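Undergrad: Below are the structure tokens for one structure; questions will follow.
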Amino acid sequence: MMRIVLVLLAMIGIFVGLVLFPDIASQPVRIEMLGWLFETRTGMFILLIIVVFSALWTLQKTFDLSVNSPRQLWTRLRSGNTKRRALRLQEALATWVDEGEGHSQKLLKRSKGILPDWLHQALLLAWDKPQNHSNIDMEKDAPLIIALKARLATDPQHNHQLSHSERQHFLDAWLAVHPAARLATVRKAELLGDMGEYAEQVHLLEALMQKTKDINDIKLKLAQALANLASKDSSNELAHLRKANRLLPNEANILKLLTTALTNNADNKTAESLLLDYLQQHDDMDIAQAAFKLVAFDALKNFKRLDKPVFQSTHAGRWLRMMLAHEADLTGIAEDALNAMLEQNPSPLLWQTKGDWLAQNHEWEEATVCYQKASKL
284 MMRIVLVLLA
294 MIGIFVGLVL
304 FPDIASQPVR
314 IEMLGWLFET
324 RTGMFILLII
334 VVFSALWTLQ
344 KTFDLSVNSP
354 RQLWTRLRSG
364 NTKRRALRLQ
374 EALATWVDEG
384 EGHSQKLLKR
394 SKGILPDWLH
404 QALLLAWDKP
414 QNHSNIDMEK
424 DAPLIIALKA
434 RLATDPQHNH
444 QLSHSERQHF
454 LDAWLAVHPA
464 ARLATVRKAE
474 LLGDMGEYAE
484 QVHLLEALMQ
494 KTKDINDIKL
504 KLAQALANLA
514 SKDSSNELAH
524 LRKANRLLPN
534 EANILKLLTT
544 ALTNNADNKT
554 AESLLLDYLQ
564 QHDDMDIAQA
574 AFKLVAFDAL
584 KNFKRLDKPV
594 FQSTHAGRWL
604 RMMLAHEADL
614 TGIAEDALNA
624 MLEQNPSPLL
634 WQTKGDWLAQ
644 NHEWEEATVC
654 YQKASKL
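Quick note, the working numbering runs 283 ahead of the 1-based positions in the sequence shown.
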């Protein structure tokens with residue numbers, strides 16, 4: 284299209300020049316070639332050249348029209364040759380990479396013809412700003428475009444702009460055209476969680492786990508959904524938390540919820556066993572403190588259970604052994620363990636513990652010093 288405009292401007296400029304300078308237009312032109320003699324005026328000669336080139340151009344486009352559809356011909360006239368359109372596509376991609384969505388639409392439109400129509404339309408949609416996207420039309424939009432519109436609209440960074448009903452509309456439309464879409468199912472499950480529909484969320488994620496091979500992220504979402512469901516379904520709380528713990532046995536938060544539920548159901552032995560098994564594999568002070576509340580009632584017996592290298596290899600295990608020794612009146616062992624831990628890794632909890640022990644012995648001045656060190660840390 285730009286070339287046509289430039290040619291028209293050049294023709295207008297020639298005519299204006301001939302009108303402004305009639306002497307030039309009236310000067311004779313004489314051409315001799317191969318025995319032929321051609322005489323005319325400059326103005327007429329220029330007009331003849333324009334007419335000849337216009338006729339040749341018209342013949343070429345007429346031939347193109349007979350071979351190509353009017354739409355293809357218009358595309359060629361507007362966008363130029365294939366090489367130029369490919370260059371526009373490359374520039375559009377670079378612009379999108381460097382500047383982000385909404386900055387490459389003009390160049391991308393001018394590259395039409397290089398890519399298939401369906402891909403060109405998809406790129407126009409994907410590279411445009413989300414607020415410029417038209418609503419889904421289930422009758423007119425192709426299934427791929429419906430899915431793409433829904434995916435872009437329900438991107439997590441845009442969730443705050445949509446209500447729950449709007450997100451559900453997009454996701455239902457997506458799943459209507461692509462029922463096996465894993466990402467759509469995951470986002471639908473996240474929406475159900477945001478809406479508090481934990482039972483439906485669990486059902487959806489369990490069905491998805493049976494269909495997909497990569498289940499690591501699904502397991503995490505399902506375990507959290509089961510934990511949330513347990514908080515609402517008290518009659519089946521233990522069943523849900525046990526299932527969540529089987530999915531993620533190394534998740535401390537779920538383990539604490541499960542052991543709390545077990546103790547509430549008078550099953551302290553199972554809770555104690557789960558916590559101690561976890562501590563043999565993980566250095567977790569929160570779990571150690573939860574375990575101490577369960578094993579402190581029989582401190583001497585449980586101290587002997589924990590007086591093993593596996594518990595003395597971690598900070599949490601040494602702390603639990605130390606606390607049991609103190610509860611069992613094994614004062615020398617407890618104090619030695621506390622002093623050793625303070626030398627290796629002083630922390631507010633350890634200084635607080637030492638201050639409490641000194642206060643129990645009415646050593647107030649020394650206890651105050653320990654509390655001050657704890658507050659500074």
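Note that CB positions come from ideal geometry on N, CA and C, so glycine has one too. Remember, predicted model here, so these are calculated numbers, not experimental data.
Are Trp457 and Ala464 closer than 8 Å when you measure CB to CB?
TA: For the purposes of this step, residue 457 is identified with residue 174 of the sequence shown, where counting begins at 1. For the purposes of this step, residue 464 is identified with residue 181 of the sequence shown, where counting begins at 1. Going by C-beta atoms, Trp457 is nearer than 8 Å to Ala464.
Undergrad: Contact check, Ala573 vs Thr614 under 8 Å by CB: the rounded distance?
TA: One-based indexing of the sequence shown puts residue 573 at position 290. One-based indexing of the sequence shown puts residue 614 at position 331. 25 Å between Cβ atoms; not a contact.
Undergrad: For Ile570, which option in Lys526, Leu583, Asp590, His598 has the closest C-alpha, if you only look at C-alpha atoms?
TA: Position 287 of the sequence shown, counting from 1, holds the residue named residue 570. With distances taken between Cα atoms, Ile570 lies closest to His598.
Undergrad: Give me the residue from Gly296, Ile329, Ile295 with the minimum Cα distance to Pro311.
TA: Start at 1 with the first residue of the sequence shown, and residue 311 comes out as number 28. Looking at the Cα atoms, Ile329 is the closest of the given residues.
Undergrad: Using 8 Å as the cut-off, can you tell me whether the stretch 605-614 makes contact with the stretch 579-597, which would need three or more C-beta pairs spanning the two stretches below that distance?
TA: Counting Cβ pairs under 8 Å, three or more are found: they touch.
Undergrad: Could you tell me the boundaries of the alpha helix (DSSP H) in which Trp410 lies?
TA: Your numbering for residue 410 matches position 127 in the sequence shown. Unbroken run through Trp410: none, as it is neither H nor E.
Undergrad: Ends of the alpha helix (DSSP H) at Gln564?
TA: Position 281 of the sequence shown holds residue 564. Neither: Gln564 is in no alpha helix (DSSP H) and is coded neither H nor E.
Undergrad: Excluding the 5 residues flanking Ala436 on each side, which residues of the same chain have their C-beta closer than 6 Å to its C-beta?
TA: Here residue 436 corresponds to residue number 153 of the sequence shown, with the count starting at 1. Same-chain partners within the cutoff: Phe453.
Undergrad: Extract the residue ranges of the alpha helix (DSSP H) inside the stretch 599-644, only unbroken runs of 4 or more that lie entirely within it.
TA: Counting only runs of 4 or more, we get 614-627, 631-643.
Undergrad: Please report the residue range of the alpha helix (DSSP H) in which Pro592 lies.
TA: Mapped onto the sequence shown, residue 592 falls at position 309. First-last of the alpha helix (DSSP H) with Pro592: 592-595.
Undergrad: Could you give the DSSP three-state label for Pro532: helix, strand or coil?
TA: Here the question's residue 532 lines up with position 249 in the sequence shown. Coil, per DSSP.
Undergrad: Taking the alpha-carbon of Leu406 as reference, which of Gln451, Asp420, Leu427, Leu289 has the nearest alpha-carbon?
TA: To locate residue 406, count along the sequence shown from 1; it is residue 123. When only C-alpha atoms are compared, the closest one is Leu427.
Undergrad: My output table needs one value for Pro311: the three-state DSSP class, helix, strand or coil.
TA: For the purposes of this step, residue 311 is identified with residue 28 of the sequence shown, where counting begins at 1. If DSSP states are grouped into helix, strand and coil, Pro311 belongs with the strands.
Undergrad: Which whole-angstrom value describes the C-beta separation of Leu408 and Arg434, a residue pair presumed to lie in contact below a C-beta threshold of 8 Å?
TA: In the sequence shown, the residue the question calls residue 408 occupies position 125. In the sequence shown, the residue the question calls residue 434 occupies position 151. In fact, because the Cβ distance is near 10 Å, the residues do not count as touching under 8 Å.
Undergrad: For the alpha helix (DSSP H) holding Asn511, just list the boundary residues, first then last.
TA: Position 228 of the sequence shown, counting from 1, holds the residue named residue 511. Where Asn511 is concerned, the enclosing alpha helix (DSSP H) stretches over 499-515.
Undergrad: If I follow the unbroken alpha helix (DSSP H) through Ile428, where does it start and stop?
TA: Along the sequence shown, read from residue 1 onward, the residue named residue 428 stands at position 145. Looking at the DSSP string, the run of the alpha helix (DSSP H) that includes Ile428 is 426-436.
Undergrad: Below 8 Å CB to CB, which residues in the same chain sit around Leu562 once its five sequence neighbours on both sides are set aside?
TA: The residue given as residue 562 occupies position 279 in the sequence shown. Excluding residues within five positions, the ones whose Cβ falls inside 8 Å are Ile570, Ala571, Ala574, Phe594, Thr597, Ala599, Gly600, Leu603.
Undergrad: Output the boundary residues of the alpha helix (DSSP H) element that contains Thr378.
TA: As a working note, residue 378 is residue 95 in the sequence shown. 365-382 is the span of the alpha helix (DSSP H), which, as asked, contains Thr378.
Undergrad: Identify, in the order they occur along the chain, each residue of the same chain with its Cβ nearer than 7 Å to the Cβ of Leu487, setting aside the five sequence neighbours on each side.
TA: Sequence index remark: in the sequence shown, residue 487 carries index 204 (1-based). So the list reads Thr468, Lys471, Ala472, Leu475, once near-sequence residues are dropped.
Undergrad: Using the Cβ count rule (16 or more neighbours within 10 Å means buried), how would you classify Glu626?
TA: The sequence position of residue 626 within the sequence shown is 343, counting from 1. By the neighbour-count rule (16 or more Cβ atoms within 10 Å), Glu626 is not buried but exposed.
Undergrad: Kindly indicate which three-state DSSP category Met421 falls into: helix, strand or coil?
TA: Translated into positions along the sequence shown, residue 421 becomes position 138. Note: Met421 maps to coil in three-state DSSP.
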